[in-house]
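Just remember that my numbering sits 115 ahead of the position in the sequence shown, which is counted from 1.
Note that CB positions come from ideal geometry on N, CA and C, so glycine has one too.
Worksheet: the structure to be examined is printed underneath.
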Amino acid sequence: MAPTRGRKPPVGEAVVDRAFTLLRSFDAEHRAQPLSELARRTGTPRSSALRMARKLVEVGALERLEDGRYVVGLRLLEIASLAPRGHGLRAVAMPFMEDLFHVTGQHVLLAVRDETEALLVERLSAHDADPVRFRVGGRMPLPTTGVGLVLLAHAPAHVQETVIGSFEGGDGDDVVRTPAELRRALAEIRRGDYAVGSQSAPRPLLTVAAPVRGAGGVVAALSVVVPGTGPASYVPAVRTAARAISRQLASERPAG
């Protein structure tokens with residue numbers, strides 16, 4: 116339906132959409148962007164991008180550097196810290212993650228599910244640990260990572276079917292390679308209450324992950340990524356830490 120002449124069409128949702136489109140243009144490879152880059156990456160006219168960027172600077176969602184480039188503002192961090200699956204979860208989990216880190220001396224990851232991806236909430240890593248490509252705040256695939264498999268195994272059925280239907284296979288030694296194998300792997304994860312994965316290149320790495328439970332079910336996944344190929348010695352430690360975080364979350368749940 117064409118808009119009525121003399122009246123502006125509703126713009127509330129459109130403005131919010133445009134603001135988030137601009138904010139989503141920032142990522143690990145684009146932490147600071149000039150106006151021209153903002154306009155190009157969002158497909159927005161330069162004048163519109165400028166107006167939106169100025170407004171976001173006013174409210175603290177963006178900051179403008181002396182060289183004219185824009186970066187994400189601290190106000191977003193302040194708001195994001197209130198997310199129960201973000202900073203709050205991280206604060207509860209951190210002491211147990213630190214214990215697990217001292218035991219393994221490698222990588223300890225904490226992730227939550229966001230639709231059909233995993234979002235890394237926290238990562239502890241030794242300075243000499245084998246490099247991993249995932250960063251805090253970054254997204255991880257569900258079917259090819261330890262934390263992702265755990266989260267997917269406990270996701271709603273429609274999410275599982277969406278991911279399984281689009282699955283094209285993994286690239287690890289024992290990573291599932293077909294949708295049918297993925298479906299069986301998810302059932303096994305639910306039975307065993309943990310997931311194991313590995314990679315052989317550039318050197319052997321093992322991941323062991325377990326679910327963290329909160330109100331209503333699994334809210335996160337905890338994992339270690341360590342050198343080697345034998346998961347047996349790490350499964351009890353990861354599951355114990357995940358259960359401890361779950362108990363702490365339950366004890367801090369408001370009554371009523």
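Open item on the list: What would DSSP say about L257, mapped onto helix, strand or coil?
Closed with: In the sequence shown, counting from the first residue as 1, residue 257 sits at position 142. Here L257 sits in coil by DSSP.
TODO: Just confirm the distance between the C-beta atoms of A325 and V265, as a whole number of angstroms; I'd bet it's less than 8 Å.
DONE: Stepping through the sequence shown from its first residue, residue 325 is reached at position 210. Stepping through the sequence shown from its first residue, residue 265 is reached at position 150. With a Cβ gap of about 7 Å, A325 and V265 count as contacting.
Open item on the list: What would DSSP say about V339, mapped onto helix, strand or coil?
Closed with: Stepping through the sequence shown from its first residue, residue 339 is reached at position 224. If DSSP states are grouped into helix, strand and coil, V339 belongs with the strands.
- [ ] May I ask you to report which of helix, strand or coil DSSP gives R169?
- [x] The residue given as residue 169 occupies position 54 in the sequence shown. Helix at R169.
Open item on the list: If I follow the unbroken beta strand (DSSP E) through E181, where does it start and stop?
Closed with: Taking the first residue of the sequence shown as 1, we reach residue 181 at position 66. Counting along the chain, E181 falls outside any beta strand (DSSP E), and DSSP gives it neither H nor E.
Task: Among L321, V350, G331 and V130, nearest to P246 - alpha-carbon criterion - done: Stepping through the sequence shown from its first residue, residue 246 is reached at position 131. Comparing Cα-Cα distances from P246 to each of L321, V350, G331 and V130, the minimum goes to L321.
Open item on the list: Out of L137, A226 and V274, which one is the CA nearest neighbour of G203?
Closed with: As a position in the sequence shown, residue 203 is number 88, starting the count at 1. Closest option to G203, Cα to Cα, is A226.
Open item on the list: Would you call the stretch 140 to 158 in contact with the stretch 184 to 194, where contact means no fewer than 3 C-beta pairs closer than 8 Å?
Closed with: yes
- [ ] Given a cut-off of 8 Å, decide if G280 and T293 are closer than it, judged by their beta-carbon atoms.
- [x] Residue mapping note: residue 293 aligns to position 178 of the sequence shown, counting from 1. Residue mapping note: residue 280 aligns to position 165 of the sequence shown, counting from 1. In this structure, G280 does not lie closer than 8 Å to T293 by Cβ.
TODO: Using the Cα positions of G261 and E173, report the straight-line distance between them to the nearest angstrom.
DONE: Translated into positions along the sequence shown, residue 261 becomes position 146. Translated into positions along the sequence shown, residue 173 becomes position 58. One C-alpha to the other measures close to 41 Å.
TODO: Would you mind stating whether A268 and L215 have Cβ atoms separated by less than 8 Å?
DONE: As a first step, residue 268 must be located in the sequence shown, where it is residue number 153. As a first step, residue 215 must be located in the sequence shown, where it is residue number 100. The answer is no: Cβ separation not under 8 Å.
- [ ] Taking only the alpha-carbon atoms, compute the straight-line gap between P210 and T231 and give it to the nearest angstrom.
- [x] Here residue 210 corresponds to residue number 95 of the sequence shown, with the count starting at 1. Here residue 231 corresponds to residue number 116 of the sequence shown, with the count starting at 1. Computed Cα separation, rounded: 28 Å.
Open item on the list: What would DSSP say about E303, mapped onto helix, strand or coil?
Closed with: Residue 303 sits at position 188 when you count from the first residue of the sequence shown. Looking at E303 - three-state DSSP - the assignment turns out to be helix.
Open item on the list: So the candidates are A336, V274 and H273; which of them puts its Cα closest to the Cα of I304?
Closed with: Numbered from 1 along the sequence shown, position 189 holds the residue referred to as residue 304. Cα-wise, what sits closest to I304 is A336.
Open item on the list: Does any residue of chain B have a CB that is nearer than 8 Å to the CB of L138?
Closed with: Structure shown: chain B not included; a single protein chain is present.
Task: Rounded straight-line distance, which links the Cα of I194 to that of R238 - done: One-based indexing of the sequence shown puts residue 238 at position 123. One-based indexing of the sequence shown puts residue 194 at position 79. Approximately 21 Å, taken between the alpha carbons.
Task: The beta strand (DSSP E) enclosing P326, as first and last residue numbers - done: By one-based count along the sequence shown, residue 326 stands at place 211. Counting along the chain, the beta strand (DSSP E) containing P326 begins and ends at L320 to G329.
Open item on the list: Buried or exposed for S338, going by 16 or more other Cβ atoms inside 10 Å?
Closed with: Here residue 338 refers to the residue found at position 223 of the sequence shown. So S338 counts as buried.
Task: Where A352 sits in the DSSP three-state scheme - done: What you label residue 352 is simply residue 237 of the sequence shown in a count that begins at 1. The answer is helix: DSSP assigns A352 an H, G or I state.
Open item on the list: Given a cut-off of 8 Å on the beta-carbon distance, is the pair P342 and P319 in contact?
Closed with: Position 227 of the sequence shown holds residue 342. Position 204 of the sequence shown holds residue 319. Closer than 8 Å, so yes.
TODO: List the whole-angstrom C-beta distance separating Q363 from V251, where the pair is believed to meet the contact cut-off of C-beta under 8 Å.
DONE: What you label residue 363 is simply residue 248 of the sequence shown in a count that begins at 1. What you label residue 251 is simply residue 136 of the sequence shown in a count that begins at 1. Cβ-Cβ separation between Q363 and V251: approximately 21 Å, too far for a contact (criterion under 8 Å).
Task: Local conformation of D243 per DSSP, three classes - done: Residue 243 sits at position 128 when you count from the first residue of the sequence shown. In this structure, D243 counts as coil in the three-state DSSP scheme.
Task: N-terminal and C-terminal residue of the beta strand (DSSP E) that H222 is part of - done: Within the sequence shown, residue 222 is the residue found at index 107, counting from 1. H222 to D229 is the extent of the beta strand (DSSP E) around H222.
Task: Cut-off 8 Å between Cβ atoms - residues of its own chain near V353, not counting five sequence neighbours on either side - done: The residue given as residue 353 occupies position 238 in the sequence shown. Excluding positions up to five away in sequence, the list reads L215, Y309, V323, A324, A325, L337, S338 and V339.
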